[in-house]
Amino acid sequence: MTALVETLELSKYFDIGRKQRVHAVDNISLTIAEKEIVGLVGESGSGKSTFGKTVIGLHAKTSGEVKFRGEILPQAYRPADFQRLASKMQMIFQDPYSSLNPRMTIGEIIAEGLRLHSTLKGTQVKSRVEEWLVRVGLHAGHMSRYPHEFSGGQRQRIGIARALILEPEFVVCDEPISALDVSVQAQVINLLSELKETLGLTLLFIAHDLSMVRYVSDRMAVMYLGSLVEVGKADEVYFDPKHPYTEILIGSNPEPDPELERSRPSTAIQGEIPSPVNVPAGCRFANRCPKVMDVCRVETPQLIPLQDAERQVACHLY
Amino acid sequence: MTTAATDLQHTHSLLEVEDLAVEFSTYGGIVQAVRGVSFAVERGKTMAIVGESGCGKSVTVQAMMGLIPMPPGRITSGSARLNGVEILGRNIINGKDIRGSQIGMIFQDPMTSLNPTMTIGDQIAEPLQVHRGYSHKRAFAEAIELLSITKIPEAAKRARQYPFEFSGGMLQRAMIAMAIACKPSILIADEPTTALDVTIQAQILDLLQDLQKETGMAIILITHDLGVVARMADDVAVMYAGKVVEHGGVDDIFYRSAHPYTLGLKLAMPTNDPSKQHKLNPIQGSPPDLFAPPIGCGYCPRCPYSMKICDVKDPDILPVEEMHESRCWLQHPQAITVPDELYCGEKA
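Listed below in structure tokens is the structure:
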């Protein structure tokens, strides 16, 4: 497996005045292989979206680097960098209601990328847009309509067509299904996996629905307060979590199975995710961790491989 | 189930809703949001109402609580009886407001449901002053007590803070404290954890279960998350296009699904049981437009088992087995071919 996207000690901080810094993404090293789906999970405020946006250059990096096919990408993108990389890396956004311009028609929205980044002529652009509308399960006749005429699931399909029409190699899906109903979620997930197969896409799939992430992903990465706490094969992480935080996160996820739920002890964790402003030394999970030790409050655990290199955990227990 | 048995069971229910229908006048025409909903809630039990956005689950409980703005809303038929007393359309019974004193309610978004200009303590004290006639001082002391019951640390200090100083999970606890202040016999929770992370969701669900054990209150839990249903519910009503399509015990709904929609929802979700691995089967299409509700079954255009009759005539809710009903023609005693995956009781 060759690495398509690699982040090396990638950090993104936001200065919020008076020497206050939000450590949104802190020192994350993650490799995403070609044609792989990596699921990224964590609570809100853990930095999942910021990580995704920093990887594709929507945020300038504070430190560390991102490599794409071995090439080190610029620290902050200039217009020319966006121009060059937009056809390789794309993003699908969470909220299909606010991520489409209400004053543009569907045709204009989907065609915009092609107009900016390809040399196709007007009629060719139009036929490509028509082709993609059909491909994502809409009709060519929808081109002249506006976003408000579509349901949430249909809008998410429009968002997918917009991101994929340039045939990128790497796509960040930022909670693509969390705004949708269960029956529609499956439609969108099946569409994504079908397109992933035919186009040979590599995906970073950000979500908080753990069951869906396990279903979709090859590997799963768990984030807590800006840093990675566990990485491994999706099934292994889900069924045999090593990090206490992963264990709690998965234990809190209610399963649609009443018998299982009755037999399962409650694993509700005390407290809430602390503020990522000026984080203290030591393990960030220490103050909520049921297995906390003295060392955890002093020394920051590094992400280290367990028996096989595929499974990495950042915890002093290992 | 015989009529006598039904009657007997109904006289014992805490809340009985029958044939409730609600519509709204809009610029686009009249939306029939709820089209004849019936269910019963038992004392001390949790009843979950499940369904997609727009299926009418929130409107159903808002109608019961008198929270529908009229106009544009209108309750066109139905009744809701709490302990045998009709509550639809009247908020004051025996000089007492039902809302807040007998039925408490918590909402999906605690951020927008609380008054940003009042302290948390004052907001929790308010129902006690209104319904119980407590003095402010006594009500405020009780509010602090309620905050500690809902496991908010440093309750006395927190009671003097404003909503913006609370996190989402803490606000939902404060909402629960307010809703249970007058010890209601029913707590309605409308998507109480949808805006929260799974870890905080687990805390809130645990809290609701603990409170139910202590006070014996019934809970009506509105949600679209089948995981939450499996975790919390005793009984479940599945709603689709303004109607209850299946109704039964939680195990009936999950293990003996008797309506194609319930089955469809289950197949559309990933399971985490490695032995029951399956590919996701989405329900194709989208729910019907309730401006012009279909004459036949609302689920018919999306249903893989639809028959000719489904399109022209809406089925009644038919018994599957005791305490388990489904609004589907396939449950009709004379239905000829019934798919294996659909549960049909012990009928021959």
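So the sequences go chain by chain: A and B.
Numbering of the first sequence is given in the working numbering, commencing with residue 1 and proceeding in unit increments.
Numbering of the second sequence is given in the working numbering, commencing with residue 1 and proceeding in unit increments.
We put the beta carbon where it would ideally sit given N, CA and C, even for glycine.
As the structure is a computational prediction, the values presented were derived from the model and not from experiment.
Residue 229 (chain A) versus residue 189 (chain A): straight-line alpha-carbon distance, rounded: For this step, residue 229 (chain A) is matched to residue 229 along the first sequence. For this step, residue 189 (chain A) is matched to residue 189 along the first sequence. Their Cα atoms are separated by approximately 26 Å.
How about residue 16 (chain A): is its C-beta nearer than 8 Å to some C-beta of chain B? If you number the first sequence from 1, residue 16 (chain A) lands on position 16. Closer than 8 Å: no.
Taking only beta-carbon atoms, is residue 206 (chain B) less than 8 Å away from chain A? Here the question's residue 206 (chain B) lines up with position 206 in the second sequence. Yes, contact with chain A.
List the residues of chain B whose Cβ lies closer than 9 Å to the Cβ of residue 214 (chain A), in chain order. Indexing the first sequence from 1 puts residue 214 (chain A) at position 214. Result: 270 and 272.
Residue 156 (chain B) versus B:162, B:345 and B:144, residue with shortest Cα-Cα distance: The sequence position of residue 156 (chain B) within the second sequence is 156, counting from 1. It is B:144.
Nearest chain A C-beta to residue 254 (chain B) closer than 8 Å, yes or no? Here residue 254 (chain B) refers to the residue found at position 254 when the second sequence is read from its first residue. Chain A contact via Cβ: present.
Could you tell me whether the Cβ of residue 249 (chain A) comes closer than 8 Å to any Cβ of chain B? By one-based count along the first sequence, residue 249 (chain A) stands at place 249. By this cut-off, residue 249 (chain A) is an interface position.
Any 3 or more C-beta pairs closer than 8 Å across the stretch 232 to 249 of chain A and the stretch 225 to 243 of chain B: no
Can you give me, in chain order, the residues of the stretch 255 to 268 of chain A that have a beta carbon less than 8 Å from any beta carbon in chain B? 255, 256, 257, 258, 259, 260, 261, 266, 267 and 268
Could you tell me whether the Cβ atoms of residue 145 (chain A) and residue 191 (chain A) are closer together than 8 Å? For the purposes of this step, residue 145 (chain A) is identified with residue 145 of the first sequence, where counting begins at 1. For the purposes of this step, residue 191 (chain A) is identified with residue 191 of the first sequence, where counting begins at 1. No, Cβ-Cβ distance for residue 145 (chain A) and residue 191 (chain A) is not below 8 Å.
Check whether the Cβ atoms of residue 26 (chain A) and residue 226 (chain A) lie closer than 8 Å to each other. Here residue 26 (chain A) refers to the residue found at position 26 when the first sequence is read from its first residue. Here residue 226 (chain A) refers to the residue found at position 226 when the first sequence is read from its first residue. A contact, by the Cβ cut-off of 8 Å.
For residue 339 (chain B), count the other beta carbons within 10 Å of its own beta carbon; 16 or more makes it buried, fewer makes it exposed. Which is it? Mapped onto the second sequence, residue 339 (chain B) falls at position 339. So residue 339 (chain B) counts as exposed.
Can you look up residue 306 (chain B) in the DSSP assignment and give me helix, strand or coil? Counting from one through the second sequence, the residue named residue 306 (chain B) turns up at place 306. Coil at residue 306 (chain B), not helix or strand.
For residue 284 (chain B), three-class secondary structure by DSSP: The residue given as residue 284 (chain B) occupies position 284 in the second sequence. Residue 284 (chain B) sits in coil when the DSSP states are folded into three classes, being neither helix nor strand.
Closest Cα partner of residue 29 (chain A) within the set A:307, A:315 and A:303: Counting from 1 along the first sequence, the entry for residue 29 (chain A) is found at position 29. From the listed residues A:307, A:315 and A:303, the smallest Cα separation to residue 29 (chain A) is found for A:303.
Could you check whether the stretch 92 to 102 of chain A touches the stretch 167 to 185 of chain A, counting it as contact only if at least three pairs of C-beta atoms, one from each stretch, sit closer than 8 Å? yes
Looking at chain A, is there any beta carbon in it that lies within less than 8 Å of the beta carbon of residue 231 (chain B)? For the purposes of this step, residue 231 (chain B) is taken as residue 231 along the second sequence, with counting starting at 1. So, interface residue.
Under 8 Å between beta-carbons, which chain A residues line up against residue 281 (chain B)? List them in chain order, please. For the purposes of this step, residue 281 (chain B) is taken as residue 281 along the second sequence, with counting starting at 1. The answer, in chain order, is 186.
Would a check of beta-carbon distances place residue 43 (chain A) closer than 8 Å to chain B? Residue 43 (chain A) sits at position 43 when you count from the first residue of the first sequence. Yes, its Cβ sits closer than 8 Å to a Cβ of chain B.
Counting only the same chain and skipping the five closest in sequence on each side, list residues whose C-beta sits under 8 Å from that of residue 71 (chain B). For the purposes of this step, residue 71 (chain B) is taken as residue 71 along the second sequence, with counting starting at 1. Excluding residues within five positions, the ones whose Cβ falls inside 8 Å are 25.
Counting only runs of 4+ residues fully inside the stretch 57 to 145 of chain A, write out the alpha helix (DSSP H) ranges in chain order. 79 to 85, 106 to 117 and 122 to 135
Alpha carbon to alpha carbon, how far is residue 127 (chain A) from residue 37 (chain A)? Give it in angstroms, no decimals. Numbered from its first residue, the first sequence carries residue 37 (chain A) at position 37. Numbered from its first residue, the first sequence carries residue 127 (chain A) at position 127. Spanning the two alpha carbons is a distance of roughly 30 Å.
Does the structure place the stretch 270 to 278 of chain A close enough to the stretch 199 to 215 of chain A that three or more beta carbon pairs sit under 8 Å? no
Examine the Cβ distances between the stretch 292 to 305 of chain B and the stretch 221 to 235 of chain B and report whether three or more of them are shorter than 8 Å. no
Drop a sphere of 10 angstroms on the beta-carbon of residue 270 (chain A), count the other beta-carbons inside from all chains shown, and report buried for 16 or more, exposed for fewer. For the purposes of this step, residue 270 (chain A) is taken as residue 270 along the first sequence, with counting starting at 1. With fewer than 16 Cβ atoms within 10 Å of its Cβ, residue 270 (chain A) is classed as exposed.
Exposed or buried, what is residue 245 (chain B) when buried is set at 16 or more other beta-carbons lying within 10 Å of its beta-carbon? Against the second sequence, residue 245 (chain B) aligns to sequence position 245. Buried, by the Cβ-count rule.
Classify residue 127 (chain B) as helix, strand or coil using the three-state DSSP reduction. For this step, residue 127 (chain B) is matched to residue 127 along the second sequence. In the three-state scheme derived from DSSP, where H, G and I count as helix and E and B as strand, residue 127 (chain B) is classed as helix.
Would you please state the rounded distance, in angstroms, between the beta carbons of residue 40 (chain A) and residue 48 (chain A)? I believe it to be under 8 Å. What you label residue 40 (chain A) is simply residue 40 of the first sequence in a count that begins at 1. What you label residue 48 (chain A) is simply residue 48 of the first sequence in a count that begins at 1. With a Cβ gap of about 5 Å, residue 40 (chain A) and residue 48 (chain A) count as contacting.
Report all residues from its chain with a CB closer than 6 Å to the CB of residue 130 (chain A); omit the five preceding and five following residues, and keep chain order. Against the first sequence, residue 130 (chain A) aligns to sequence position 130. Taken in chain order, the residues that qualify are 140.
Taking a cut of 8 Å between CB atoms, which residues from the stretch 285 to 298 of chain A lie near chain B? Taking 8 Å as the upper bound on Cβ-Cβ separation, chain B lies near no residue of the stretch 285 to 298 of chain A.
Taking residue 200 (chain B) as the query, report the chain A residues whose CB atoms sit under 7 Å from its CB, ordered along the chain. Against the second sequence, residue 200 (chain B) aligns to sequence position 200. Simply 272.
Under the three-state DSSP convention, the category residue 186 (chain B) falls into: If you number the second sequence from 1, residue 186 (chain B) lands on position 186. Three-state DSSP puts residue 186 (chain B) in a strand.
Exposure of residue 197 (chain A), with buried meaning 16 or more beta-carbon neighbours within 10 Å: By one-based count along the first sequence, residue 197 (chain A) stands at place 197. Label assigned to residue 197 (chain A): exposed.
Where does residue 27 (chain A) sit, in a helix, a strand or coil, going by DSSP? One-based indexing of the first sequence puts residue 27 (chain A) at position 27. Reduced to three states, the DSSP call for residue 27 (chain A) is strand.
To the nearest whole angstrom, what separates the beta carbons of residue 196 (chain B) and residue 169 (chain B), a pair I think is in contact under 8 Å? Locating residue 196 (chain B) in the second sequence gives position 196, where the first residue counts as 1. Locating residue 169 (chain B) in the second sequence gives position 169, where the first residue counts as 1. 6 Å between Cβ atoms; contact.
Boundaries of the beta strand (DSSP E) in which residue 220 (chain A) is found, first to last residue: Locating residue 220 (chain A) in the first sequence gives position 220, where the first residue counts as 1. In the DSSP assignment, residue 220 (chain A) falls within the unbroken beta strand (DSSP E) covering 219 to 224.
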